[in-house]
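*Asks:* Residue numbers (UniProt numbering): 1 to 181. For each residue, glycine too, the CB sits at the ideal point set by N, CA and C.
Structure (structure tokens):
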């Protein structure tokens, strides 16, 4: 498949952004290609279009399936597996946030909780104890907020995100960043 210049730029940039987000470049490029084309593609076509090794594509597809960002589909008359992704950026956002929370935030909360429950915790300096507690509390609050945000309809979530700094006005506060209540 020959990509248009705009599609090629999109796919290449998404691969670059993926590396900055801790995702393998090919994984990000495959996802971008499936997203931008809006159709199911087999591994061979993905490898040919992106000019990457078939084995790299196979590993990348497994990773994308593990992230729940692609699904396996069947094409009538073709025994090969084909893969597609959602064309809804809000759905993709929800999946990525939920997966990152499950893979990164929840294990960190568990470790922080284990640290606080350890008999050795009291041997830490008061400063270290407080910082661990503060970190756990922050991450726990953020996790609860994230879960609530992901439950909102797309229309409502979009409005909340567009409000941005306007929330301060709604709450009647003009406090500076970093102030705590």
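Out of curiosity, what's the CA-to-CA distance linking residue 62 and residue 24?
*Replies:* Walking along the chain shown from the start, residue 62 turns up at place 62. Walking along the chain shown from the start, residue 24 turns up at place 24. In a straight line, the C-alpha of residue 62 is about 12 angstroms away from that of residue 24.
*Asks:* Express the C-alpha separation of residue 157 and residue 182 in angstroms, rounding to a whole number.
*Replies:* As shown, the chain starts at 1 and ends at 181. That puts residue 182 outside it, with no answer to give.
*Asks:* What residue from 81, 68 and 20 has the CA that sits closest to residue 44's CA?
*Replies:* Indexing the chain shown from 1 puts residue 44 at position 44. Checking every option, the nearest Cα to that of residue 44 belongs to 81.
*Asks:* Specify the secondary structure class of residue 48 as computed by DSSP and reduced to three states.
*Replies:* Indexing the chain shown from 1 puts residue 48 at position 48. In the structure shown, residue 48 sits in a helix (DSSP, three-state: H, G or I).
*Asks:* I think residue 64 touches residue 30, with their Cβ atoms under 8 angstroms apart; what is that distance to the nearest whole Å?
*Replies:* Counted from its first residue, the chain shown places residue 64 at position 64. Counted from its first residue, the chain shown places residue 30 at position 30. Residue 64 to residue 30, Cβ: 6 angstroms. Contact.
*Asks:* In terms of DSSP beta bridges, what is residue 83 paired with?
*Replies:* Start at 1 with the first residue of the chain shown, and residue 83 comes out as number 83. Residue 83 pairs with 41 and 72.
*Asks:* For residue 40 and residue 11, which I take to be in contact (beta-carbon distance under 8 angstroms), what is that distance rounded to the nearest angstrom?
*Replies:* As a first step, residue 40 must be located in the chain shown, where it is residue number 40. As a first step, residue 11 must be located in the chain shown, where it is residue number 11. In fact, because the Cβ distance is near 17 angstroms, the residues do not count as touching under 8 angstroms.
*Asks:* Can you list, in chain order, the residues of its chain with a C-beta nearer than 8 angstroms to that of residue 160? Leave out the 5 residues immediately preceding and following it.
*Replies:* If you number the chain shown from 1, residue 160 lands on position 160. Around residue 160: 149 and 152.
*Asks:* Assess contact between the segment 134-146 and the segment 95-112, defined as three or more Cβ pairs (one per stretch) separated by less than 8 angstroms. Is contact present?
*Replies:* They touch, by the three-pair rule.
*Asks:* Assign residue 164 to one of two classes, buried (16 or more other C-beta atoms within 10 Å of its C-beta) or exposed (fewer than that).
*Replies:* If you number the chain shown from 1, residue 164 lands on position 164. So residue 164 counts as exposed.
*Asks:* Considering just the uninterrupted stretch of the alpha helix (DSSP H) at residue 98, what are its terminal residues?
*Replies:* Residue numbering aside, residue 98 sits at position 98 when the chain shown is read from its first letter. 89-100 is the extent of the alpha helix (DSSP H) around residue 98.
*Asks:* Determine whether the beta carbon atoms of residue 57 and residue 46 lie at a separation below 8 angstroms.
*Replies:* The residue labelled residue 57 in the question sits at position 57 within the chain shown. The residue labelled residue 46 in the question sits at position 46 within the chain shown. Yes; because the gap between Cβ atoms is below 8 angstroms, this pair is in contact.
*Asks:* Can you give me the start and stop residues for the alpha helix (DSSP H) that residue 1 sits inside?
*Replies:* Residue numbering aside, residue 1 sits at position 1 when the chain shown is read from its first letter. From DSSP, residue 1 is part of no alpha helix (DSSP H); its letter is neither H nor E.
*Asks:* Could you name the residues that DSSP lists as bridge partners for residue 78?
*Replies:* The residue labelled residue 78 in the question sits at position 78 within the chain shown. Answer is 75.
*Asks:* Determine the closest residue to residue 116 out of 106, 130, 90 and 107, with distance taken between C-alpha atoms.
*Replies:* Position 116 of the chain shown, counting from 1, holds the residue named residue 116. Here the closest residue by C-alpha is 130.
*Asks:* What three-state label does DSSP hand residue 14 in the structure shown?
*Replies:* As a position in the chain shown, residue 14 is number 14, starting the count at 1. Looking at residue 14 - three-state DSSP - the assignment turns out to be helix.
*Asks:* Which two residues bound the contiguous alpha helix (DSSP H) that contains residue 53?
*Replies:* Position 53 of the chain shown, counted from the first residue, corresponds to residue 53. Per DSSP, residue 53 belongs to no alpha helix (DSSP H) and is neither H nor E.
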